[in-house]
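Order-wise, the sequence lines are chains A and B. In terms of numbering that gives the first Met the number 0, the first sequence is residues 0 to 254. In terms of numbering that gives the first Met the number 0, the second sequence is residues 0 to 107. Every residue, glycine too, gets a C-beta built ideally from N, C-alpha and C. It should be emphasised that the depicted structure is a prediction, and the values quoted were computed from it without experimental measurement. This report refers to the structure that appears directly beneath it.
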Amino acid sequence: MRHEGSLAAVERALKVSPERRLELIEEVDADVDALQEELERRGYSPESARRAALRRLLPAPETLAALEAQHAPRLGRWLRAAGIRGRVERLGALAAAILATMALLAAIWRWDNAAASTLLACSLVMVVSLLAANWFRAAASLWIDGSLPPERRRLLWARQVGLIVAAISLGGLGATWEGYTALAALDASASAAWNGVQRSVFFATLGFGAALLGLLGWLALIPRLITDETAEGRITALLVRSHPFRALRTPTRKH
Amino acid sequence: MQITLSKRINELLVLAVLEQGPAHGYQVAMSVEERTGGIFSFQHGTLYPILHRLEAEGQLRGEWSGDGRRRKTYRITAAGQTTLREGAEDLQRQFSVLLELLGRTHAA
């Protein structure tokens, strides 16, 4: 029966941004209560008035689908309509992997296959790719799907921090190692030492640059995340207040 | 934009109710039911996609009021009034043709 549904279930099922979700459930909640009061004034018992109000106004799954189609982010709607939502992330990851591999191969070729440098560079490029992919997932959730749920948000942030630390560590390690080899080669060959310095700069730039971009990238998401968290807080407060049979437990206002 | 007849009727019903004055969503639902003698009614929240679509199209304006607990009130815009007038004329034409056809079929 419809009255078994609740605003909380509607809220959970709605795949739109928290701000939109808040507006939708706020509107439904206020209307359900007002209609219940109206029906009670007309002689309905509180229980039957509540049921009738919920049956009329609480969105059913088909209605939720229609609301989602209206309120989902425009980009997400377009990608889903074109049937390429799933492919976007895969194509982005593939393009990033191809670019990273090409950059890596070019660097290795210039470095005459120095084993330690190659290993470090491979690891660093992998970390940078993962950092970019992690940020992209968060951004895609926010601007394509409409929301980044709190538990997923925490997971992606923890990963981002871990990858930033890894990028700094690998960049620092690579720069130190290459600096050391440059110093060691200084007596033997000036060009070998110069190559070492270049590699040291490469590692430092890539590692610290990636970490900085990873941090700035996440900072760019912060305003939207704050807005979402505020809306989620208000949704929680509203859901605590709201209950399908609230009127049966608390006295209903009479006019 | 091609829309189905029932969708169009629902939109016109909402616009017709709001032409009488601003109203909350539930008041629109009740008014439609009462004014059509229960022939038309909105169940399971089907009213909201209609209200929101009309709002997005600029035919209605939704306004939030209240400090603590907010409520949304809808009012018809000039564009909505035009749609209502034109839609009613269209429907009248379509139904007169349909009724005429049905009348002939019945007579035959």
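Scanning chain B for C-beta atoms nearer than 9 Å to the C-beta of A29 (chain A) yields H23, G24, Y25, G65, R68, R69, R70 and K71, reported in chain order.
For Y47 (chain B), there is no enclosing beta strand (DSSP E); the residue is part of the alpha helix (DSSP H) that begins and ends at L46 to A55.
When DSSP states are grouped into helix, strand and coil, R70 (chain B) belongs to the strand group. Going by DSSP, S47 (chain A) is part of the alpha helix (DSSP H) stretching over P45 to L56. Here R152 (chain A) is buried: its Cβ has 16 or more other Cβ atoms, across all protein chains shown, within 10 Å. S190 (chain A) counts as exposed, since fewer than 16 other C-beta atoms from the protein chains shown sit within 10 angstroms of its C-beta. At a cut-off of 8 Å between beta carbons, P17 (chain A) makes no contact with chain B. About 20 Å separates the CB atoms of L93 (chain A) and L123 (chain A); that is not less than 8 Å, and the two are not in contact. Non-local C-beta neighbours of L74 (chain A) in its own chain, meaning closer than 8 Å and more than five positions away in sequence, comprise W142 and I143, ordered along the chain.
Under the three-state reduction of DSSP, G79 (chain B) is assigned to helix.
Contact of A51 (chain A) with chain B is not assigned, every C-beta pair being separated by 8 Å or more. Judged by DSSP secondary structure, W142 (chain A) falls outside any alpha helix (DSSP H); it is assigned neither H nor E. Nearest Cα to A64 (chain A) within the set B:Q58, B:L83, B:G44 and B:G36: B:G44. In the DSSP assignment, E18 (chain B) is bridged to no other residue. L101 (chain B) counts as exposed, since fewer than 16 other C-beta atoms from the protein chains shown sit within 10 angstroms of its C-beta. Closer than 8 Å at the C-beta level to chain B, one finds no residue of the stretch 146-170 of chain A. Counted as a single uninterrupted DSSP element, the alpha helix (DSSP H) harbouring S168 (chain A) occupies residues P149 to A184. Note on V96 (chain B): under 16 other CB atoms within 10 angstroms of its CB, so exposed under the neighbour-count rule.
For A28 (chain B), the chain A residues whose C-beta falls within less than 9 Å of its own C-beta are D30, L34, R55 and L56, listed in chain order. Using a CB distance cut-off of 8 Å, L238 (chain A) does not count as an interface residue toward chain B. For the stretch 42-59 of chain B, the residues whose beta carbon sits under 8 Å from a beta carbon of chain A are, in order, Q42, H43, G44, T45, L46, Y47, P48, H51, R52 and A55. For E62 (chain B), the beta-bridge partners assigned by DSSP are B:T72. H23 (chain B) has B:T72 as its beta-bridge partners, per DSSP.
Taken through DSSP and simplified to helix, strand or coil, H70 (chain A) comes out as helix. Secondary structure of I221 (chain A) (DSSP, three-state): helix. Comparing C-alpha distances from T226 (chain A) to each of A:L162, A:E10, A:L147 and A:L103 shows the shortest one belongs to A:L147. At a cut-off of 8 Å between C-beta atoms, A59 (chain A) counts as an interface residue with respect to chain B.
Nearest in C-alpha terms to R49 (chain A), of all of A:L38, A:W176 and A:M101, is A:L38. DSSP places T35 (chain B) in the coil class of the three-state scheme, outside both helix and strand. Here R19 (chain A) carries a helix assignment [DSSP, helix/strand/coil].
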